[in-house]
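A quick write-up on the structure given underneath.
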Amino acid sequence: MVTTPVLPLEAASPAHICPFDQACSYLEAAGKELKLDQGSLEILSHPRKVVTVSIPVKLDNGEVRVLAGHRVQHSDILGPYKGGIRYHPAVTLREVSALAMLMTWKCALLGIPYGGAKGGIAIDPQLYSVGELERITRRYTSELIKDIGPSVDIPAPDMGTSAREMAWMMDTYSVNVGHAVPGVVTGKPLSVGGSLGREMATGRGVMIIVREALADQGKSLAGMRIVIQGFGNVGGAAAELLYKAGAKIIAVSTATGGVYYPTGLDIPALKTYAAVNRKSVVGFPQAAPISNADLLTLPCDVLIPAALENQITEENVNQVQAQMIAEAANGPITLEANQILEARGVTVLPDILANAGGVVVSYLEWVQGLSYLFWNEQRVNHEMEQLMVQAYHQVIQQSKLRQVNLRLAAYTLGVGRVAQALSDRGLYP
Ligand code: GLU
Numbered sequence: 121m122v123t124t125p126v127l128p129l130e131a132a133s134p135a136h137i138c139p140f141d142q143a144c145s146y147l148e149a150a151g152k153e154l155k156l157d158q159g160s161l162e163i164l165s166h167p168r169k170v171v172t173v174s175i176p177v178k179l180d181n182g183e184v185r186v187l188a189g190h191r192v193q194h195s196d197i198l199g200p201y202k203g204g205i206r207y208h209p210a211v212t213l214r215e216v217s218a219l220a221m222l223m224t225w226k227c228a229l230l231g232i233p234y235g236g237a238k239g240g241i242a243i244d245p246q247l248y249s250v251g252e253l254e255r256i257t258r259r260y261t262s263e264l265i266k267d268i269g270p271s272v273d274i275p276a277p278d279m280g281t282s283a284r285e286m287a288w289m290m291d292t293y294s295v296n297v298g299h300a301v302p303g304v305v306t307g308k309p310l311s312v313g314g315s316l317g318r319e320m321a322t323g324r325g326v327m328i329i330v331r332e333a334l335a336d337q338g339k340s341l342a343g344m345r346i347v348i349q350g351f352g353n354v355g356g357a358a359a360e361l362l363y364k365a366g367a368k369i370i371a372v373s374t375a376t377g378g379v380y381y382p383t384g385l386d387i388p389a390l391k392t393y394a395a396v397n398r399k400s401v402v403g404f405p406q407a408a409p410i411s412n413a414d415l416l417t418l419p420c421d422v423l424i425p426a427a428l429e430n431q432i433t434e435e436n437v438n439q440v441q442a443q444m445i446a447e448a449a450n451g452p453i454t455l456e457a458n459q460i461l462e463a464r465g466v467t468v469l470p471d472i473l474a475n476a477g478g479v480v481v482s483y484l485e486w487v488q489g490l491s492y493l494f495w496n497e498q499r500v501n502h503e504m505e506q507l508m509v510q511a512y513h514q515v516i517q518q519s520k521l522r523q524v525n526l527r528l529a530a531y532t533l534g535v536g537r538v539a540q541a542l543s544d545r546g547l548y549p
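Quick note: to get the numbering used here, add 120 to the position in the sequence shown (first position is 1).
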């Protein structure tokens with residue numbers, strides 16, 4: 121048994137909904153399959169560094185509020201820590217710790233020279249003004265100044281953050297160290313060294329993995345009925361690219377609710393609608409309203425949860441009708457639900473593979489920045505596609521070789537590479 125690390129500040133949630141315990145269970149399963157020694161498993165199940173900082177912020181009305189900002193650095197065995205910064209009311213230290221661990225396996229699986237990290241602040245960014253968000257982001261960055269850096273830990277956007285926050289982080293870090301350091305974050309605006317193709321990258325990666333998986337079943341994207349939970353950075357981009365490839369996006373949702381149109385939504389029109397409706401798709405003309413819960417159980421060919429964790433659970437898994445699920449979100453399926461889906465023969469494309477397009481293009485952005493060379497979008501997309509397709513085939517091959525599901529195959533590859541590096545580097549002192 122791997123000892124579940126006791127993280128400070130919060131009590132453990134019940135095991136079946138605690139993302140950190142779930143992440144440890146997947147690690148444990150991979151360790152068993154790889155016959156990893158107990159010591160390596162112990163090391164890999166603990167984050168190397170957990171940082172929680174207080175962020176005092178003066179609101180526009182003059183009131184002062186103190187927020188908690190987390191950054192969990194799970195592993196830097198393969199390279200600098202890497203991972204997004206999440207602004208969402210459901211952020212907890214345990215969630216951030218789980219997501220940091222997933223980043224370690226994701227980067228290792230994709231063969232990019234990074235470790236894993238994640239950061240977050242438990243706020244609903246919609247409830248703050250731009251000025252307040254800027255002050256929060258700058259103070260958070262300033263508090264983390266000694267813990268981040270282009271060869272130390274490289275943040276990126278995640279749920280609730282975007283290129284705008286990355287520009288503030290880059291500026292705050294640069295002003296503090298006295299010179300411009302574009303490599304301290306990825307997912308930046310193009311004007312400060314961002315990469316073409318980064319904004320759509322996670323969605324593009326999802327499209328590529330679904331396309332490859334369908335091709336293995338002798339199918340193509342054209343005409344496939346696809347349901348997407350989430351219409352933000354990831355779900356929105358995936359919807360657009362899948363729509364362009366000829367798939368029928370029959371339902372999408374945002375936090376406030378969804379829309380359903382069985383013969384296929386007009387995604388460009390829906391994007392325009394959401395842009396002027398505070399990012400919500402609710403009320404889109406012609407389509408029927410649908411709740412987030414009902415959306416997950418619609419009859420469809422491919423289901424793409426692209427929002428929060430723990431969306432498909434023991435409670436609703438038996439109503440899920442899709443034969444293929446691509447985890448565009450991190451951890452959208454609980455451990456128990458995953459087992460039930462596996463027994464039913466549903467193809468589950470695991471998060472650390474399906475949503476890796478974002479961090480792959482983050483890597484390409486970092487490489488371009490460090491070499492002072494910038495590529496056109498075609499080149500960025502091509503390099504990303506190569507890495508995604510290669511990882512997909514490695515996962516399929518591993519699944520066949522070890523006779524395990526795709527998640528365990530992906531985990532054994534990711535965990536195996538980190539464990540090998542750990543063994544080669546040895547334990548200090
Ligand atoms: N937040 C994204 C993820 O979960 C991207 C991380 C990055 O680009 O570093 O993979």
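Glycine included, each C-beta is placed from N, C-alpha and C at the ideal position.
Between the options, which lies nearest to residue i when the distance is taken from Cα to Cα?
i: G199; options: P549, W486, K520; result: W486
i: A463; options: T376, N525, G536, I197; result: N525
i: T281; options: V250, G235, V301; result: V250
i: T374; options: A427, P419, S482; result: A427
i: I348; options: A335, H166, L362, A389; result: L362
i: M221; options: S519, K238, I205, P233; result: K238
i: A359; options: M320, T376, R284; result: M320
i: V422; options: V468, E435, N501; result: V468
i: N85; options: P245, V330, V440; result: Only positions 121 to 549 of the chain appear in this structure, which leaves residue 85 out of reach.
Would DSSP call residue i helix, strand or coil?
i: S195; result: strand
i: L423; result: strand
i: Y512; result: helix
i: H299; result: coil
i: A389; result: helix
i: G325; result: helix
i: R345; result: strand
i: H502; result: helix
i: S400; result: coil
i: P409; result: strand
i: K152; result: helix
i: G235; result: coil
i: A365; result: coil
i: D267; result: coil
i: T374; result: strand
Should residue i be labelled buried (16 or more other beta-carbon atoms within 10 Å of its own) or exposed?
i: D278; result: buried
i: P470; result: buried
i: S165; result: buried
i: N458; result: buried
i: H208; result: buried
i: Y483; result: buried
i: I432; result: buried
i: Y201; result: buried
i: A276; result: buried
i: V538; result: buried
i: K368; result: buried
Are residue i and residue j touching if we call contact CB-CB under 8 angstroms?
i: H194; j: G231; result: no
i: Y512; j: E332; result: yes
i: G378; j: V401; result: yes
i: T322; j: N501; result: no
i: A389; j: M327; result: no
i: I472; j: A530; result: yes
i: V305; j: M289; result: yes
i: V535; j: G151; result: yes
i: L528; j: E153; result: yes
i: E263; j: I175; result: yes
(message) Ignoring anything shorter than 3 residues, give me the beta strand (DSSP E) runs that lie fully in the region 431 to 468, in order along the chain.
(response) 444 to 446
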